[in-house]
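Student: Top to bottom, those sequences are chains L and G. Sequential numbering of the first sequence, starting at 171, is according to this note's numbering. Sequential numbering of the second sequence, starting at 4, is according to this note's numbering. Backbone N, C-alpha and C fix where the C-beta goes; we use that ideal spot for every residue, glycine too. Here it is: the structure, laid out below.
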Amino acid sequence: MDTRKLVERLQSIVGAEHVVYRPEDLIVFERDASIDAQLPAAVVFPRTTAEVSRILAVASEMQVPVVPKGAGTGLSGGAVPEEDGILLSVSRMRDILEIDAENRTALVEPGVVNLDLSAEVEGLGLYYAPDPSSQKACTLGGNVAENSGGAHCLRYGCTINHILGLEVVFPGGEVAWLGGKAPDAPGYDLLSAVIGSEGTMGVVTKILVKLLPLPEAVETYLAIFDNVPDACEAVSAIIGNGIIPAALEIMDQVVTQAIEEAHHVGYPAGAGGVLIVEIDGMQEELDEQREAVLDLCRAARAREIRVAQSTAEREAIWAGRKGAIGALGRLAPNYYIQDCVVPRTKLPEIMRFVEDVAERYDIIIANVFHAGDGNLHPNLLFDVRDSDQVQRVIAAGEEIIRACIDAGGSLSGEHGIGTEKQEYMGWLYSDDDLEAMRKLKRAFDPDWLFNPTKVFPTGEGPHAAKIHIGKAPVHATAAAAWK
Amino acid sequence: MQTETLHTRLADIASPEAITGDTPSVDGKRPGLSVAPSSAPALAAVVAELARVGAATLIVGGGTMLDVGGPPAAADVALRTTGLDAVTGYEPADLIVTAEAGVTLADLQATLRAHNQTLPLDVPYPARATVGGVVAANAHGPLRYAFGTAKDLVMGLQFVQGDGTLVKSGGEVVKNVAGFGLHKLHVGALGTLGVITSATFKVHPLPDADVTLLCAFEDSHAAFAAGLDLRAHLPTAAAVMNEAAQQRVLGKANGPHVLLVRFLGGESAVARQARDAEATGTAAGAAAIEKIGPDAGAALWQECVDLGWEPDAPDAALKASAVPTATHHVYGDLMRSAAAVGGEAMVVGDPLNGSLKCIVRRAAGARHAAREQESSLEGLDGLVQHARAVSQEHGGSLVLQRGSQALKAACDVWGPHPQGLAAMRSIKRAFDPGHILNPGRFVGGI
């Protein structure tokens, strides 16, 4: 590939100041928040849809791989550049173009930060519901690519349930508007193909999102248990009683202690399992649900339940939860965060299994997860300089993934597959299933240029094995993004 | 197509009992035989054989929405999913259910109801409508405001591609981003990308309380404005109906326009919502407000959803959309222009979602009289074109869902080609290279 020619073509589209190509300048773009790293040939920062379209036409003509990138907070490698490829950053496309309060929609560019949108519409009594833990930094473009979740998915759904329309530039440069404020546009629902496609089908240049009215009332409880399985039992009991809280989040002792040391939010010392329950909606709904929720927690042997008495107390609880991954940086130089999902009723047994794995492999596993959705986030802590430990982490991680899939679960609830889990896709899907997905990608990207080395298994063996190849220390920097 | 040879082969693959001559006719095309395999692998083997011989396949579930789509380019075989009729996975505490494609919605709901749960999809004729058909036709009603459509509820799908390969997408958990959203792409694809053999849905707890308010309005704009105002009270669903629609649904007309609004939830919350909504409705100029309890309310909403899908097909059934705040413009125009065509025109608009339907039925006499006039289409083609233009002007689109063969031929049922059609065609080619699945029925001749 003629890098010099590529750079010139890109410069002619966006201007010389918006293309980065010198090796020493490229280094800061080699990573996202996952375990991989790769230098691209060039990073390009378009400002408009037309520029994106021209860039993709050049990529197609020169047969250069393309990786779109938002804030780079992704945990599965979706925004790690491809070798000799273009990294297309949407960071200059960050305008909120329209807020339609009457129709409760917002039209934004892909570089708009998730939390900034909610802040912008708060005065109208509205908000954007999906709330990944990295919402202070992550972009809506990245959220669309990954179909991101968050703590409040349980009641409100993930990104895909909140996107009404997209402007997409397909490989080759064709621009199409999909969906819109009016429902039921005829044709295949291409939104469903593009959302969650991890940057493999094109570049999103405008996003029409649904806004929700802020709930009239919110209550947040912190229930303290002796162990995680008891907290899981409370979760099952709450859902089994027909109550769908806004959030049901569990943290184990390793996590709460790390958070306490990092953020001093007042989590109790020595709690084996902490459950955050948030209920929201009309005051009457909360009045109906409050006692039931508290009783069910007590019945599951909660030894203490704290009710947030003020907005400040509620925010402190969440600051701790959303800062959890960052706080783990205090415990070990590196971590490997998993994202499996299991049927909710399997949670207690899976959590016991995770504990057992930690013991057998002699590693620390810190758990902080979306219990209501059955979405686990075991964090396997390690020091990349200790190769024996790295091997144990890899083997332990695989055991956990295998157990979750055997329990009827999935590889990923919200982080995506990327490079991190690609080799495990064959554990979940048959060759025919995977070929069907490849067909879908090819329909958009016949030359296979968009994030070409990701999502699908390469057959090179479990990806986690690459952990030791990565340049240490990996996660000290990644963790900082969550603080 | 050698029907007899195919008959023998399919009987070998499925079973002789799976083959019948009982086939539906769609737009004048009636397949020569019908096959109803009794398992997903058998259905896959049947599709492989149909692909091998290039037999155009009409996919049939409960047949409630079989009219939707362009006239089939060909229809050699009717492939029925009725043999796949088991609920294969249901763990109430996981809020997840998996059912084979031929399970009727009514049966599925009965299974869920036994555990105080529901699949919140309000579809026409649930006693006949099947899981596969509901997903393929993207059947939904006003409940979508609170719960979304099948797209939001389908977490996984098993389907047979056009070459006969059985695959799955998604999974049996409530949150999942492993792999692409093929299962969601099938929603509304009318089976043109594959034959659905089973689907996994996220389900919801049954609400304790269910209250519907009927607010009568003289003026349709006021009715729609009230619908938007009522969003402050977190309604579950709403619809505005004209007099003709009220006659069908309520058996009476409460006023020139009636706004129905429904609240589902806990007892005390719904009590307050209904109280607040009454005040809002009155302030918005409702002439009379009637309050209806759960059973009567549920029956009424079902009638509203069924409207237009009667086995005795109307002369035309139009589905329109608009930006929600502009729904009243399309509603008003549909009323006026349908009235000009003559006969009974039932118009229902959803002020919260921006979707509308217009059902035209003519008495036999009126039909005859209109036929005497120059156009054999009796002006219905003009209605479709005009209403489509109005919907587009307000950000939406219009689909002719039911109508005579001549009417479908006169106005493209889907309207102008959507953006992204090239990608849609590529997807179709990838999943049904032989173009045998419901050929010609989808957008752009797909």
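When the distance is taken between beta carbons, is Val222 of chain L closer than 8 Å to Val373 of chain L?
Tutor: Closer than 8 Å, so yes.
Student: In chain order, what residues of the same chain have a beta carbon less than 8 Å from the beta carbon of Val463 of chain L, not counting five sequence neighbours either side?
Tutor: Once the five neighbours on either side are set aside, the close Cβ partners of Val463 of chain L are Tyr391, Ile408, Ile413, Pro415, Val447 and Ile449.
Student: Run down chain B in chain order and give the residues with a C-beta less than 7 Å from the C-beta of Lys609 of chain L.
Tutor: Absent from the structure is chain B; the protein chains it does hold are L and G.
Student: Assuming Asn313 of chain L is part of the alpha helix (DSSP H), what are its boundary residues?
Tutor: Run containing Asn313 of chain L: Leu310 to Glu316, per the alpha helix (DSSP H) assignment.
Student: For the alpha helix (DSSP H) that Ser362 of chain L lies in, which residues bound it at each end?
Tutor: Leu360 to Val364 is the extent of the alpha helix (DSSP H) around Ser362 of chain L.
Student: Quick check on this structure: which residue in G:Gly399, G:Thr23, G:Phe445 and G:Asn119 has the alpha carbon closest to the alpha carbon of Val206 of chain G?
Tutor: The candidate whose alpha carbon is nearest that of Val206 of chain G is G:Asn119.
Student: Give the residues from the segment 150-181 of chain G that approach chain L closer than 8 Å (Cβ to any Cβ), ordered along the chain.
Tutor: Of all residues in the segment 150-181 of chain G, Gly151, Lys154, Asp155, Gln164, Thr168, Leu169, Val170, Lys171, Ser172, Gly174, Glu175, Val176, Val177, Lys178, Asn179, Val180 and Ala181 have a Cβ within less than 8 Å of some Cβ in chain L.
Student: Mark Leu403 of chain G as exposed unless 16 or more other C-beta atoms lie within 10 angstroms of its C-beta, in which case mark it buried.
Tutor: Burial call: buried.
Student: For Asn441 of chain G and chain L, any beta-carbon pair shorter than 8 Å?
Tutor: So, not an interface residue.
Student: Can you check DSSP and say which residues form a bridge with Gln120 of chain G?
Tutor: G:Pro208.
Student: Taking the straight line between their C-alpha atoms, what separation do you get for Val214 of chain G and Asn273 of chain L?
Tutor: So the two alpha carbons sit approximately 25 Å from each other.
Student: Are the C-beta of Asn549 of chain L and some C-beta of chain G separated by less than 8 Å?
Tutor: Taking Cβ atoms only, chain G never reaches closer than 8 Å to Asn549 of chain L, which makes this a no.
Student: Alpha carbon to alpha carbon, how far is Met521 of chain L from Asp532 of chain L? Give it in angstroms, no decimals.
Tutor: Rounded to whole angstroms, Asp532 of chain L to Met521 of chain L spans 16 Å at the Cα level.
Student: Closer than 7 Å by C-beta to Gly490 of chain L: which residues in its own chain qualify, once you throw out the five before and the five after it? Chain order, please.
Tutor: Cβ neighbours of Gly490 of chain L beyond the five flanking positions: Ile429, His433, Val435 and Tyr437.
Student: Look up Trp347 of chain L in the DSSP assignment and give the residues it is bridged to.
Tutor: Note: Trp347 of chain L sits in a beta bridge opposite L:Glu337.
Student: Alpha carbon to alpha carbon, how far is Leu359 of chain G from Ala323 of chain G? Give it in angstroms, no decimals.
Tutor: Between Ala323 of chain G and Leu359 of chain G, the C-alpha separation is close to 5 Å.
Student: Strictly below 7 Å CB to CB, what residues from chain G border Ser230 of chain L?
Tutor: Those do not exist, as Ser230 of chain L stays about 14 Å from chain G at its closest Cβ, beyond 7 Å.
Student: Mind checking if Glu246 of chain G is an interface residue toward chain L, Cβ cutoff 8 Å exclusive?
Tutor: No - not a single Cβ of chain L is within 8 Å of the one on Glu246 of chain G.
Student: If I follow the unbroken beta strand (DSSP E) through Pro548 of chain L, where does it start and stop?
Tutor: Run containing Pro548 of chain L: Pro548 to Phe552, per the beta strand (DSSP E) assignment.
Student: Kindly indicate which three-state DSSP category Lys609 of chain L falls into: helix, strand or coil?
Tutor: Looking at Lys609 of chain L - three-state DSSP - the assignment turns out to be helix.
Student: Under the DSSP definition of a beta bridge, which residues are partnered with Phe395 of chain L?
Tutor: Per DSSP, L:Gly443.
Student: Is Thr23 of chain G buried or exposed, if buried means 16 or more other CB atoms sit within 10 Å of its CB?
Tutor: The residue in question, Thr23 of chain G, is exposed, as its Cβ has fewer than 16 Cβ neighbours within 10 Å.
Student: Measure from the C-beta of Ala634 of chain L to each C-beta in chain G and report whether the shortest distance is under 8 Å.
Tutor: With a pLDDT of only 47 at Ala634 of chain L, under 50, the local geometry of the prediction cannot be trusted, and the value read off the model is given with reservation. Closer than 8 Å: no.
Student: Among L:Arg224, L:Pro210 and L:Arg484, which residue has its Cα nearest to the Cα of Val345 of chain L?
Tutor: Per the Cα distances, L:Arg224.
Student: Please report whether the beta-carbon of Ile365 of chain L lies at a distance below 8 Å from any beta-carbon of chain G.
Tutor: Cβ-Cβ to chain G under 8 Å: yes for Ile365 of chain L.
Student: Name the residue from L:Gln592, L:Ala220, L:Phe523 and L:Ala212 whose alpha carbon lies nearest to the alpha carbon of Val234 of chain L.
Tutor: Ranking the options by Cα distance to Val234 of chain L, first place goes to L:Ala212.
Student: Quick check on Phe620 of chain L - is its C-beta less than 8 Å from some C-beta in chain G?
Tutor: It does not; no Cβ of chain G falls within 8 Å.
Student: Using the rule of at least 16 other Cβ atoms within 10 Å of the residue's Cβ for burial, across every protein chain shown, is Arg251 of chain G buried or exposed?
Tutor: Burial call: buried.
Student: Three or more beta-carbon pairs under 8 Å between the segment 258-268 of chain G and the segment 233-242 of chain G, yes or no?
Tutor: At 8 Å Cβ cutoff, the stretches touch.
Student: DSSP puts Cys218 of chain G in a beta bridge; with which residues?
Tutor: Beta-bridge pairing links Cys218 of chain G to G:Leu262 and G:Ile292.
Student: Compute the distance between the beta-carbons of Ser582 of chain L and Ala181 of chain G, then report whether it is under 8 Å.
Tutor: Yes; because the gap between Cβ atoms is below 8 Å, this pair is in contact.
Student: So, for Asn179 of chain G: in the same chain, excluding its five sequence neighbours on each side, which residues have a beta-carbon less than 8 Å away from its beta-carbon?
Tutor: Same-chain partners within the cutoff: Met158, Gly159 and Gly173.
Student: Which residues in the same chain as Ala635 of chain L place their Cβ atom closer than 8 Å to its Cβ, once the five residues preceding and following it in sequence are excluded?
Tutor: Reliability of the predicted coordinates at Ala635 of chain L is poor, the pLDDT of 44 falling under 50, and the value obtained from them is presented with this limitation in mind. Taken in chain order, the residues that qualify are Ile564.
Student: Does DSSP put Phe539 of chain L in a helix, a strand or coil?
Tutor: Of the three classes helix, strand and coil, the one that applies to Phe539 of chain L here is strand, per DSSP.
Student: Looking at the C-beta of Asp125 of chain G, does it have a partner C-beta in chain L at a distance below 8 Å?
Tutor: With 8 Å as the cut-off, Asp125 of chain G does not count as an interface residue toward chain L.
Student: Check each residue of the segment 291-302 of chain G: if its Cβ is closer than 9 Å to any Cβ of chain L, include it; give the result in chain order.
Tutor: Against chain L - using a Cβ distance shorter than 9 Å - the segment 291-302 of chain G contributes no residues.
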